[in-house]
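Chemist: Before I ask anything, here is the structure I am working with.
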Ligand code: 6GU
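Residue numbers (UniProt numbering): 1 to 239.
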């Protein structure tokens with residue numbers, strides 16, 4: 001997969017050299033390039049922002065550098081990903097869809113956002129996806145781009161050592177993950193649940209499913225399927 005990231009703080013994206021995405025880059029699974037938006041400015045001060053038409057606080061990113069950057073980077077087959085608190089909530093569904101693409105361009109905005117015409121113009125030519133990480137405000141798209149790219153890259157075929165571990169985690173099943181334990185069996189007076197110490201794999205699977213339902217009901221009832229809402233006794237039993 002080819003990924004181009006455009007930012008006025010390209011050093012934010014240095015973290016992609018670490019850990020698992022770094023491994024994917026070195027192995028050739030991921031061709032990631034980070035670009036400085038100011039390379040597409042032409043004035044002495046390399047200006048990227050200006051005051052908003054209509055007034056109001058903050059600054060807006062000017063369309064010209066963004067237009068030139070996207071002309072240069074976003075080939076017609078690319079998906080343009082724009083992290084913004086005004087986007088649709090980014091989910092595992094998006095991560096899976098993006099992992100199947102050949103080419104992503106990630107446009108990291110700062111200030112109050114990018115002039116809307118940049119996105120409108122890009123949308124005449126490429127698929128545009130404006131995504132938000134959640135209901136809070138970051139100073140710019142860079143940290144969100146790191147999160148989106150990590151979620152996508154770990155799904156690339158051949159990325160995970162053991163692909164089975166992808167199937168069992170939170171959000172792949174539609175429920176939150178059950179609690180996990182390792183040795184020792186007793187620690188600071190706290191015991192590993194008995195069922196996990198026996199070898200009854202059916203009982204373990206049922207216990208884990210019940211725990212997942214209980215956790216999801218307590219923390220994210222919005223994720224529960226309607227069928228789970230009709231069986232509250234199962235959820236209560238698990239706590
Ligand atoms: Cl994607 N961008 C910014 N700037 N803030 C956010 C966000 C994205 N998601 C949540 N807050």
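The beta-carbon is built from N, C-alpha and C at its ideal position, and this holds for glycine as well. As the structure is a computational prediction, the values presented were derived from the model and not from experiment.
1. Determine the DSSP secondary structure at residue 67, reduced to helix, strand or coil.
2. Using a threshold of 9 Å, state whether the C-beta atoms of residue 83 and residue 130 are closer than that.
3. Hey, is residue 140 close to the ligand 6GU, as in C-beta under 8 Å from one of its heavy atoms?
4. According to DSSP, simplified to helix, strand and coil, what is residue 170?
5. Along the chain, where does the beta strand (DSSP E) that runs through residue 223 open and close?
6. So the alpha helix (DSSP H) residue 121 belongs to, where does it begin and stop?
7. Is residue 186 near the ligand 6GU, going by C-beta to nearest heavy atom under 8 Å?
8. State buried or exposed for residue 174, treating a residue as buried only when at least 16 other CB atoms are found within 10 Å of its CB.
9. Let me check you understand the geometry: is the CB of residue 133 closer than 8 Å to at least one non-hydrogen atom of the ligand 6GU?
10. Near residue 233, which residues of its chain fall below 7 Å by C-beta distance, leaving aside the five closest residues on each side in sequence?
Modeler: So, from the data block:
1. helix
2. yes
3. Checking every heavy atom of the ligand 6GU against the Cβ of residue 140, one is found closer than 8 Å.
4. coil
5. From DSSP, residue 223 is part of no beta strand (DSSP E); its letter is neither H nor E.
6. Residue 121 -> alpha helix (DSSP H) spans 116–122.
7. no
8. Flag for residue 174 reads exposed.
9. yes
10. Confidence at residue 233 is low in this model, with a pLDDT of 49, below 50, so the placement of that residue should be treated as unreliable; the coordinate-derived value is given next. The answer is none, since no qualifying residue turns up.
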